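Numbering (the working numbering), first residue to last: 95 to 765.
We treat Cβ as the ideally placed atom computed from N, Cα and C, and that holds for glycine.
These figures come from a predicted structure and were not determined experimentally.
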Amino acid sequence: MLLLSRLCSLFALFGIALSLHAQERRGITWHHGSSPYRAIFAIKDVGNHPRAGVAIAVPVCGLGDADGKDVFCFDQRGRQLPAANLGPATNNCALMLVQTEKESKSILAYFGSPQRAPTAKFVVMPLICSVYAVNDLKNTGWADLSGRLQAGRLIGQFVTDRMEQVCNPIDSRSSFVMVQEGSILAEQQQNQSLFIASDENSFLFLDDVLVIDRQGATSVHNSLRGENRKELSLKPGAHSLRLIAVNTRNPFTAALGRWVNAKKVEPVPPSAFVRFGNGTLSAVEARQNAPNPAFTYTHLSYMNLPEGAPLTETELSTYSGDEATWRFADGVTLKGAKIRRVFATLASCDVEVRSGRATASGAVMFPEAAPPKRLLSERQQDYKHYEQLILAAGVDKLKDRDSIRNFLEFYMLVDLHPAQVPLCEALLQARGGNREERAITNLTLARAAARDEPQKAVKAYADALKDSPNDDSSELIQELIEFVVFRLRDLPLAQEMLDRHGRNLRNKDKTRLALQLDIALQAGKIDDARKHYAALLRGRSNRDDQRIAAVQGNAFAESARRAREENRLLDAIVALRAWDEIAPMARGDGSFSLERARIFRQRGWLEGAIGELNAAILAEPLLPNLPEVEFEQAGIYDDMGRKDDAHKLYQKIATEYPNHPLADSARTKIK
């Protein structure tokens, strides 16, 4: 019994030792009891000025104050460090300046408590780039801009090492005010000629005194020639410097340059500015291993669609590796510790990240600088990559109209993509859009839904016809009736529609006859079909007309075939109709019906494809391309699961046409 008690005590002591070791490995102890979260930074270097501190970006992510007012900083010894909160940084962080000590090796930034942290004052500042959203921004003087800037909203900021920016580094807005401020060093009394390179209003302050006032639309190249340069006298020491630049249009440039002589200008180098040390984030922890949804994101690649829509692939992850539920403002919801998704616009997208009972929040922003990798929509591998990411995220819950439209543009690069259906439905439910746009959206919906949801397609066609301009509905009527004949297989309804809308058909005599011919053939009314076919051919009685029609028809036939083989089904259908209109005699030799059936088969209209080929044989039992027609029939029967019917046709081709090029293929099929 005594031995058992000693063993239990030994195991308990061993467990305590392991726990203490784990605490030491993860940052020793929890120094601020009121804070539920902390971020740990390793101090990598120190600044170039004795009063410089260390700049860190604390990932508060809605779990703490966005400006960093609740951030308490300690070093690894538990010594509280003076710190100043500067406001929101990038990636849902708060920018902090921390005054470290020689013995400080790391910074532990605690956040999320209801307490307000004390704020330290720094004599010198690192170089910080900030972007502000300002209402009614105009190229006016400093007196007007200063008031607007004070009322503006800080979008984000970051520490940099030079006063050189050529785009909006925070988000995608093109109208903004950029403020670059810090401290410039002078080792001795010296004069420097400085200038601003910018395209719009810009102002330079030295020790809070306006020294360069560059107003109106200007040119970077004029700056390089010395326009508005100013010779400044700098006493030894650090001087505050602030460059403010306005952007109301692209492109954007805001840089501080040094004029050496008429032949030499140069940017002010990083060594001229006070530089703070920086801390590298190593961990973000929750107290007592509680759920920790603090997160980060990285833009990996982008794709510009032909019509200009920008797509961006982004990876998001929790710092802790905890599983989380991600709810985005555009309607997408995903789960996982690390996720990837595609955004369809460059507008900032709010996100909530929930892990256990804890919820983080923030926004995904898109700086003007592109991600490192560019993908191409016309490259199949790249398209498939984005397609899989978008499908995995789901498109049926999207709420943002611009995102819906841009994702729809992406999926319309593949004719009749099934993902067009939920996107069109979402677009129709979203507010906005005129009558013509609704008609186009309904037509896209009808075409994409025709294969698997024909009843939904019926309604979409009807709505498209209702919103379509009266003088431009002929092709839509023809397409609708062909859908009813070959997909719905409802011949009475097709006849009713033809009677109702026939007067609105362009070139209505020929188009009506062609549709009437389709209905008669599918109904097995061969006498009526022959009468309609003869009427179609009456305009081609002249031999020269027939020759011209045959040549033009062959061109359209080739266009239809190529488009089908390249999966451009909508182009194939357009070429097929043009072929039928210019050369109706192709209906008599089986070539038109064979190509039409192949298009129907590729669209998934298998019953309609069989019906078209059966009708061709019914109209002319001795078709010159009968083996090709029957081989296509057999393939369609295979697709339909009618293996016996397919086998009979393959057997017939192999035995009755033994020397035909398709005979070997047929024999292979029946082995």
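Scanning the segment 361-409 from its first residue to its last, the whole beta strand (DSSP E) runs of 3-plus residues come out as 371-380, 389-398. In the three-state reduction of the DSSP assignment, Arg173 falls in the coil class, being assigned neither a helical nor a strand state. DSSP, read as helix, strand or coil, puts Ala452 in strand. Shown here, Phe299 sits in a strand according to DSSP, grouped into three states. Sixteen is the threshold: since fewer than 16 other Cβ atoms of the shown chains lie within 10 Å of the Cβ of Asp139, the residue is exposed.
Secondary structure of Lys358 (DSSP, three-state): strand. Annotation: Asn500 is outside any beta strand (DSSP E); the continuous alpha helix (DSSP H) that includes it extends over 495-505.
Counting along the chain, Val552 sits inside the alpha helix (DSSP H) bounded by residues 548-561.
Collapsing the DSSP output to three states places Thr412 in a strand. For Phe694, the enclosing alpha helix (DSSP H) has its first and last residue at 685-697. Counting the other CB atoms within 10 Å of its CB gives Gln283 a total below 16, which places it among the exposed residues. As for any alpha helix (DSSP H) of minimum length 4 sitting wholly inside the segment 702-744, the runs are 720-734, ordered along the chain.
Judged by DSSP in its simplified three-state form, Ile338 adopts strand. Contact annotation, Ala160 with Val154: C-beta distance approximately 6 Å; criterion of less than 8 Å satisfied. Taking all protein chains in view, the Cβ of Ala713 is crowded by 16 or more other Cβ atoms within 10 Å, so the residue is classified as buried. Scanning Gly450, His393, Leu375, Ser442 for the CA closest to the CA of Tyr413 turns up Leu375. Taking 7 Å as the cut-off, the beta carbon of Asp476 is found no closer than this to the beta carbon of Leu483. Assignment of Met591 by DSSP, reduced to helix, strand and coil, places it in the helix class.
Contact between the segment 170-185 and the segment 407-425 is absent: fewer than three C-beta pairs spanning the two stretches fall below 8 Å. Assigned with DSSP and collapsed to three states, Lys602 falls in helix. For Asp732, the closest of Leu428, Leu288, Leu700, Ala543 by C-alpha to C-alpha distance is Leu700.
With fewer than 16 other beta carbons inside 10 angstroms of its own, Pro718 counts as exposed. Scanning its chain for C-beta atoms nearer than 8 Å, with the 5 sequence neighbours on each side dropped, one finds around Arg583 the residues Gln616, Glu701, Gly702, Gly705, in chain order. Looking at the backbone, the Cα of Leu189 and that of Pro387 are separated by about 20 Å. Rounded to whole angstroms, the gap between the alpha carbons of Glu675 and Asn398 is 38 Å.
Counting only runs of 3 or more residues that sit fully inside the segment 169-215, the beta strand (DSSP E) segments are 177-182, 188-192, 200-205, in chain order. Leu502 has its alpha-carbon roughly 6 Å from the corresponding atom of Gln514. For Val489, there is no enclosing beta strand (DSSP E), since its DSSP letter is neither H nor E. Ser240 carries a helical assignment under DSSP once its states are collapsed to helix, strand and coil. Residue environment for Asp490: exposed (fewer than 16 other C-beta atoms within 10 angstroms of its C-beta).
Beta-bridge analysis with DSSP links Met272 to Val225, Ala339. Of the residues Ile498, Ser567, Pro512, Asn383, the one whose Cα lies closest to the Cα of Glu530 is Ser567. Here the C-alpha atom of Glu325 lies approximately 6 Å from the C-alpha atom of Asn285. Cα atoms of Ala551 and Arg541: separation of roughly 7 Å, rounded to the nearest angstrom. For Val723, the closest alpha carbon among the candidates Lys163, Ile620, Gly246, Leu688 is that of Leu688. Across the structure, Arg173 and Cys187 are spaced so that their CA atoms are roughly 23 Å apart.
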